[in-house]
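Here our numbering is used: the first residue of the sequence shown is 2, the next is one more, and so on.
Down below is the structure, laid out as structure tokens.
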Amino acid sequence: MYIWRVKKLWFGFLVLLAAGAQAQDSSLQVPAQETVREERSAGEPAAMPSALPERRSAAEALALRPATNAFPGRKLLVDGMGAGIYGGMLVGLNSAWYRDYARSSFHTFNDAGEWLQMDKAGHAWAVYSMSHIGYGLWRWSGYSNKTATLLSAGSGLVFMLGVEYLDGRSAEWGWSWADVGADLFGAALFATQQLTWKEQRIRLKFSSHAASYPADLRARTRELFGNSLPNQLLKDYNAQTYWLSFPLPGGLKLPKWLRLSVGYGAQGMFGGYENISKNPDGTVSFSRPDLRRYRQWYLAPDIDLTQIRTRSKLLRSVFYSISILKFPAPALEFSNGSLKGHFLHF
């Protein structure tokens, strides 16, 4: 499956979510604030008005405080929004993408070796990021940590399985068990941590940049990755890196927002399995077997944006929404048996 299709839709939703964060109705905010005040024990002194929380929950980081009482209106809003968004994206993909390709009976195919598994990392990240955003919204609506976790991880997984089913009915692709395994990993990474620790200690992140290519490769890269910057960022696996971001030991007394990330990328890919492409009649349209395809491993500092203190609800919403992205930082790269440094790696 070309995971960039899903990422393109998902990034569009994230932009709308961040843009609408400040437009929350004040009537929805007040009950949650009152509930938080009610939870303070009788003997506990009131916090100073200027005090900031030491560590915010996922829902609070999204500028939507978790409700401890039932708010049916919120649940209806979030449940309906979730069903509408996921259902709408599936319908949109089916009508806008798959209609251009021949349909077939349901079948499977093995694409585990494509793109040096970069597309599988994309699958895991897509489900993880859907779980991350969904959890904050369902928690705010009044669901418990457990229920919000199961709803968010489950809905993200079900959506991706729906896309996989559409692939299975397309003559161009097929149901991929390797894709499904990556989807399961993304859901499990989020849900296991949230159910065990009630927080995400290990975060799965994504970064990309606009890669430049020599003149003799530009026709091929335009064919594969498109001309526009958004398409290149989401489709060019040579320009992407997927990261696991870890917290630093507490004994180091460093800022809580500072983390360490391990990244995975790949280079030299101008085809799914090899750098050769053929036309429908069997003639060769592109042949560059001399270009080496190789994996890259990175080590870089990272920032947990949800741990940056701010009183701005808009900034908290934006920080939460984009905390699934890895921002440029100095990095060490290990590839082709050698180690090299980058002043900034995207």
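Ideal Cβ placement from N, Cα and C applies to all residues, glycine included.
| Item | Value |
| --- | --- |
| Cβ-Cβ separation, Ala-172 to Asn-111 (assumed contact under 8 Å), whole Å | That pair is no contact at about 16 Å. |
| Best match in Leu-91, Leu-218, Asn-232 and His-133 for proximity to Leu-326 [C-alpha to C-alpha] | His-133 |
| Near the ligand FAD: Leu-117 beta-carbon under 8 Å from a heavy atom | No copy of the ligand FAD occurs in the structure displayed, which carries no ligand at all. |
| Span of the beta strand (DSSP E) around Gly-266 | 259-268 |
| Sub-9 Å separation of His-108 and Trp-176 beta-carbons | yes |
| Distance between Pro-331 and Leu-234 (C-alpha atoms, nearest Å) | 20 Å |
| Option in Lys-257, Arg-289, Leu-253 and Tyr-243 with minimal Cα separation from Met-267 | Strictly speaking, residue 267 in this sequence is Ala, with Met absent from that position. Here the closest residue by C-alpha is Tyr-243. |
| Contact check, Ala-216 vs Ala-240, beta carbons under 9 Å | no |
| Pair within 9 Å by beta-carbon distance, Phe-328 and Ser-209 | no |
| With 16 other Cβ atoms within 10 Å as the buried cut-off, status of Phe-248 | The displayed chain sequence assigns Pro, not Phe, to residue 248. Buried. |
| Span of the beta strand (DSSP E) around His-343 | 339-346 |
| Under the three-state DSSP convention, the category Lys-199 falls into | coil |
| Enclosing alpha helix (DSSP H) for Ala-127 [first to last residue] | 119-141 |
| At least three beta-carbon pairs within less than 8 Å, the segment 297-314 to the segment 245-259 | yes |
| Touch test, the segment 283-294 against the segment 259-266, Cβ-Cβ under 8 Å, three pairs minimum | no |
| Option nearest Asp-80 by Cα separation, candidates Met-119, Tyr-136 and Gly-251 | Tyr-136 |
| Cβ separation of Ser-105 and Arg-170, assumed to be a contact under 8 Å, to the nearest whole Å | 6 Å |
| Extent of the continuous beta strand (DSSP E) run through Gln-241 | 241-248 |
| Own chain partners of Arg-342 with C-beta closer than 6 Å, once the 5 adjacent residues on each side are dropped | Sequence check: residue 342 is Gly here, not Arg. So the list reads Leu-333, once near-sequence residues are dropped. |
| Met-131 beta carbon less than 9 Å from that of Ser-156 | yes |
| Cβ-Cβ distance between Gly-272 and Leu-225 below 9 Å | yes |
| Whole-number beta carbon distance between Ala-154 and Ala-1, since they are thought to touch under 8 Å | Nothing in the structure corresponds to residue 1, since the chain is present only between 2 and 347. |
| Rounded straight-line distance, which links the Cα of Ala-220 to that of Gly-227 | 10 Å |
| Proximal residues to Asn-337 (C-beta, below 6 Å), its chain only, five neighbours per side dropped | Tyr-295 |
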